[in-house]
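Visitor: For the working numbering, add 63 to where a residue sits in the sequence shown, where the first one is 1. Glycine included, C-beta positions come from ideal geometry on N, C-alpha and C. Model, not experiment: these values are computed from the prediction.
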Amino acid sequence: MRNIGLGVLALIVLGIAFHHILNAYEQVKFPPIGQMIEVDGGKMHVFEKGTGDNTIVLLSGLGTSAPALDFEPLINELSKENKVVVVEGFGYGWSDSTNKERTVKRIVEELRTALKKSGIVGPYVLMPHSMSGIYSLYYANQYPNEVKAIVGNDLTLPQAVAYFEEEVPDTPPYLSYLAPAGIARIMTVMAPKDFLPKAPEGVYSKKTLAAIKSFAARKTYNVNVVDEANHIKQNIAATEALRHPENMPMLIFMKKDDRVREDGKSIASFYQTQLTAHPASKLIALEGHHYLHWTLSKEMSGQIKDFLASIAAH
64 MRNIGLGVLA LIVLGIAFHH ILNAYEQVKF PPIGQMIEVD GGKMHVFEKG TGDNTIVLLS
124 GLGTSAPALD FEPLINELSK ENKVVVVEGF GYGWSDSTNK ERTVKRIVEE LRTALKKSGI
184 VGPYVLMPHS MSGIYSLYYA NQYPNEVKAI VGNDLTLPQA VAYFEEEVPD TPPYLSYLAP
244 AGIARIMTVM APKDFLPKAP EGVYSKKTLA AIKSFAARKT YNVNVVDEAN HIKQNIAATE
304 ALRHPENMPM LIFMKKDDRV REDGKSIASF YQTQLTAHPA SKLIALEGHH YLHWTLSKEM
364 SGQIKDFLAS IAAH
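#1: By how many angstroms is the C-alpha of Gly105 removed from the C-alpha of Lys168?
#2: Comparing alpha-carbon positions, which option in Glu172, Val286, Pro95 lies nearest Leu125?
#3: Looking only at C-alpha atoms, which of Ala273, Val149, Phe333 sits nearest to Lys345?
#4: Tell me the DSSP bridge mates of Gly215?
#5: Out of Ala340, Ile347, His108, which one is the CA nearest neighbour of Ile330?
#6: Might you give, ordered along the chain, the residues of its own chain that have their beta carbon closer than 6 Å to the beta carbon of Ala177, omitting 5 neighbours on each side?
#7: Measure the Cβ-Cβ separation of Ile213 and Met317 and say whether it is below 7 Å.
#8: Starting from Leu105, trace the alpha helix (DSSP H) both ways and give me its first and last residue.
#9: Whole angstroms is fine: what's the gap from Val266's alpha carbon to Pro342's?
#10: Within a Cβ cutoff of 6 Å, which residues of the same chain sit near Tyr201, ignoring the five residues on either side of it in sequence?
#11: Check the DSSP bridge columns for Ala348 and list the partner residues they point to.
#12: What is the DSSP secondary structure of Glu362, reduced to helix, strand or coil?
#13: By the three-class DSSP mapping on this structure, what secondary structure does Tyr206 have?
#14: Specify the secondary structure class of Ile100 as computed by DSSP and reduced to three states.
#15: Thinking C-beta only, is Asn145 closer than 7 Å to Gly185?
#16: Our contact map puts Thr234 next to Ala292 with C-beta atoms below 8 Å; I'd like the distance itself, whole angstroms only.
#17: Can you look up Glu172 in the DSSP assignment and give me helix, strand or coil?
#18: Drop a sphere of 10 angstroms on the beta-carbon of Glu140, count the other beta-carbons inside from all chains shown, and report buried for 16 or more, exposed for fewer.
#19: Considering only residues of the segment 279-341, which uninterrupted alpha helix (DSSP H) runs meet the minimum length of 4 residues and lie entirely inside it, listed in chain order?
#20: From the DSSP secondary-structure annotation, give me the bridge partner or partners of Tyr187.
#21: To which residues of the same chain is Lys180 closer than 6 Å at the C-beta, ignoring the five residues directly before and after it?
#22: Going by DSSP in three states, His353 sits in which element: helix, strand or coil?
#23: What is the residue span of the alpha helix (DSSP H) that Glu164 lies within?
#24: In chain order, what residues of the same chain have a beta carbon less than 6 Å from the beta carbon of Glu350, not counting five sequence neighbours either side?
#25: Under 8 Å by Cβ, that's how I've got Pro191 and Asn216 pegged, so tell me the actual separation to the nearest angstrom.
#26: Just the C-alpha distance for Leu77 and Ala280, rounded to the nearest angstrom, thanks.
#27: Quick one: what's got a C-beta closer than 6 Å to Leu371's C-beta in the same chain, skipping five residues either side?
#28: Expressed to the nearest angstrom, what Euclidean distance is found between the alpha-carbon atoms of Ser373 and Ile367?
#29: May I ask you to list the residues that DSSP assigns as paired with Lys146?
#30: Can you name the start and end residues of the alpha helix (DSSP H) that Asp233 belongs to?
#31: Use the C-beta contact count for Glu229: other C-beta atoms within 10 angstroms, 16 or more gives buried, fewer gives exposed.
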C-alpha cells in the first residue's frame with residue numbers, strides 16, 4: 064500500500080513538472096501579439112488594431128482566459144473603421160499575475176493606467192462583456208469625460224442582484240490550484256470544446272484556437288480570477304448605487320431571453336431600467352450564446368456603426 068501511495072505521488076509530481084515544462088514551451092510558441100505595459104509592478108498586455116474616429120475598448124468577462132484572442136472576430140469587424148483595443152487584466156492572457164486584490168477600483172485604475180501608458184487617448188467607447196459591465200460603470204462615473212459611450216455585450220450590472228433578488232455565490236479558493244497543478248490542462252485535453260469558442264469553423268484560425276486552448280490550460284481559475292470572483296459581492300456593493308451618466312449614449316446587446324417571471328420582470332425589463340436618456344441609447348436582443356461575439360460579430364459591428372453615427376447626428 065505504501066508503494067502504491069508513493070507511486071501515485073510520483074505520478075502527480077511528474078504530471079505537475081510536465082505541465083510547467085509545457086507552460087514554458089507554450090510561452091515561446093505563442094508570443095504576445097500586442098504591447099507589454101508596466102503597470103503597478105507588473106506587465107499588462109495591450110493589443111490594438113485599426114484606425115478611426117472612435118476608439119473602442121473591449122473589456123472581457125470573468126474567466127475569459129485569453130481576451131485578445133477570444134474577441135478576434137469582433138476585433139476584425141470593428142477595426143475596419145475604428146481603433147479597437149483590448150487590455151488584458153492581470154491574470155488574463157499574456158498579462159502577468161498580481162498579488163493585489165481584485166477590487167473594482169484597482170481593476171479600473173490598472174485599465175486606465177495601461178491605456179494612458181500605451182498612448183491610447185480617449186474619450187473611449189467602452190464595450191464590456193459580462194462581469195466587466197461593473198468595471199465600465201465605475202469607470203464612467205469616475206472619469207465621465209474619458210468615456211464617449213457604453214456598448215454592453217450581454218453585460219452584468221450591479222443593480223441586477225437587487226432587481227431579481229438574487230444571491231451572489233462565492234468561488235471556492237481551491238479552484239486557484241487548478242492551473243498551477245496542471246489539472247486545468249487535463250481538463251482541456253478531456254473536454255477541449257468546453258474551453259474553446261462555440262463558433263462555426265473558420266471564424267477562428269487553427270492557430271488562434273490552439274493558443275486559446277493553451278491559455279485555458281495555463282490560466283483557468285488562476286489566483287487572480289478566483290480572487291476577482293470572490294470580490295463580486297464587494298464590487299457590487301461599491302457600485303450598486305451608481306448609474307451611467309444620463310447624457311452618456313448606451314447601446315446594450317443582450318442574449319435573447321423570452322422568459323418572464325410571475326412578477327413581470329425579465330432580463331429585457333432590467334436592461335430597460337439601465338438605459339440612459341440619450342436619444343441614441345437602445346437595447347438590442349440577439350439570438351446567440353452569452354459570448355455573442357463568437358457568432359454575431361458582423362451583426363454587432365453593423366449595429367455599433369449605426370449607433371456611433373446616431374451619436375454624431377445628435
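Guide: According to the data block:
#1: Along the sequence shown, read from residue 1 onward, the residue named residue 168 stands at position 105. Along the sequence shown, read from residue 1 onward, the residue named residue 105 stands at position 42. It is roughly 17 Å from the alpha-carbon of Lys168 to the alpha-carbon of Gly105.
#2: Locating residue 125 in the sequence shown gives position 62, counting from the first residue. Distances from the alpha-carbon of Leu125 to those of Glu172, Val286, Pro95 put Val286 closest.
#3: Taking the first residue of the sequence shown as 1, we reach residue 345 at position 282. Nearest neighbour of Lys345 by Cα position, chosen from Ala273, Val149, Phe333, turns out to be Phe333.
#4: If you number the sequence shown from 1, residue 215 lands on position 152. In the DSSP assignment, Gly215 forms a beta bridge with Ile315.
#5: Counting from 1 along the sequence shown, the entry for residue 330 is found at position 267. Across the set Ala340, Ile347, His108, the C-alpha of Ile347 shows the shortest separation from the C-alpha of Ile330.
#6: Translated into positions along the sequence shown, residue 177 becomes position 114. Result list for Ala177: Ile100, Val102, Met107, Val109, Val150, in chain order.
#7: Stepping through the sequence shown from its first residue, residue 213 is reached at position 150. Stepping through the sequence shown from its first residue, residue 317 is reached at position 254. Not in contact: Ile213 and Met317 (Cβ atoms no closer than 7 Å).
#8: Numbered from its first residue, the sequence shown carries residue 105 at position 42. Here the sequence assigns Gly to residue 105, which means Leu is not the residue at that position. Here Gly105 belongs to no alpha helix (DSSP H); instead the beta strand (DSSP E) covers 105-112.
#9: As a working mapping, residue 266 is identified with position 203 in the sequence shown. As a working mapping, residue 342 is identified with position 279 in the sequence shown. Their Cα atoms are separated by approximately 34 Å.
#10: For the purposes of this step, residue 201 is taken as residue 138 along the sequence shown, with counting starting at 1. Cβ neighbours of Tyr201 beyond the five flanking positions: Val167, Val171, Thr302.
#11: Here residue 348 corresponds to residue number 285 of the sequence shown, with the count starting at 1. The partner list for Ala348 (beta bridge, DSSP) reads Met317.
#12: Translated into the one-based positions of the sequence shown, residue 362 becomes position 299. Looking at Glu362 - three-state DSSP - the assignment turns out to be helix.
#13: Along the sequence shown, read from residue 1 onward, the residue named residue 206 stands at position 143. In this structure, Tyr206 counts as coil in the three-state DSSP scheme.
#14: Counting from 1 along the sequence shown, the entry for residue 100 is found at position 37. Residue state, collapsed to three classes: strand.
#15: To locate residue 185, count along the sequence shown from 1; it is residue 122. To locate residue 145, count along the sequence shown from 1; it is residue 82. Between Gly185 and Asn145, the gap from beta carbon to beta carbon reaches 7 Å or more.
#16: Within the sequence shown, numbered from 1, the residue matching residue 234 stands at position 171. Within the sequence shown, numbered from 1, the residue matching residue 292 stands at position 229. The pair is a contact, with the Cβ atoms about 4 Å apart (cut-off 8 Å).
#17: For this step, residue 172 is matched to residue 109 along the sequence shown. Secondary structure at Glu172: helix, using DSSP grouped into helix, strand and coil.
#18: By 1-based counting over the sequence shown, the position of residue 140 is 77. Label assigned to Glu140: buried.
#19: Runs found: 286-293, 295-302, 330-337.
#20: By one-based count along the sequence shown, residue 187 stands at place 124. Note: Tyr187 sits in a beta bridge opposite Thr118, Val210.
#21: Against the sequence shown, residue 180 aligns to sequence position 117. Only Ile100 meet the Cβ criterion.
#22: Along the sequence shown, one-based indexing puts residue 353 at 290. Correct three-state label for His353: coil.
#23: For this step, residue 164 is matched to residue 101 along the sequence shown. Unbroken run through Glu164: none, as it is neither H nor E.
#24: Along the sequence shown, read from residue 1 onward, the residue named residue 350 stands at position 287. If we look at Glu350 and ignore the five residues flanking it on each side, its Cβ neighbours are Lys319.
#25: Numbered from its first residue, the sequence shown carries residue 191 at position 128. Numbered from its first residue, the sequence shown carries residue 216 at position 153. So it is a contact: roughly 7 Å between Cβ atoms.
#26: Working through the sequence shown from its first residue, we reach residue 77 at position 14. Working through the sequence shown from its first residue, we reach residue 280 at position 217. The predicted model places Leu77 with a pLDDT of 48, which falls under 50 and marks its position as unreliable, so this point remains unresolved.
#27: Reading the sequence shown from its first residue, position 308 is the one you call residue 371. Cβ neighbours of Leu371 beyond the five flanking positions: Asn117.
#28: Translated into positions along the sequence shown, residue 373 becomes position 310. Translated into positions along the sequence shown, residue 367 becomes position 304. Looking at the two C-alpha atoms, the distance is approximately 10 Å.
#29: The residue you call residue 146 lines up with position 83 of the sequence shown. The partner list for Lys146 (beta bridge, DSSP) reads Thr118.
#30: Indexing the sequence shown from 1 puts residue 233 at position 170. Unbroken run through Asp233: none, as it is neither H nor E.
#31: Locating residue 229 in the sequence shown gives position 166, counting from the first residue. A residue is called buried when at least 16 other Cβ atoms come within 10 angstroms of its Cβ; Glu229 does not meet this threshold and is exposed.
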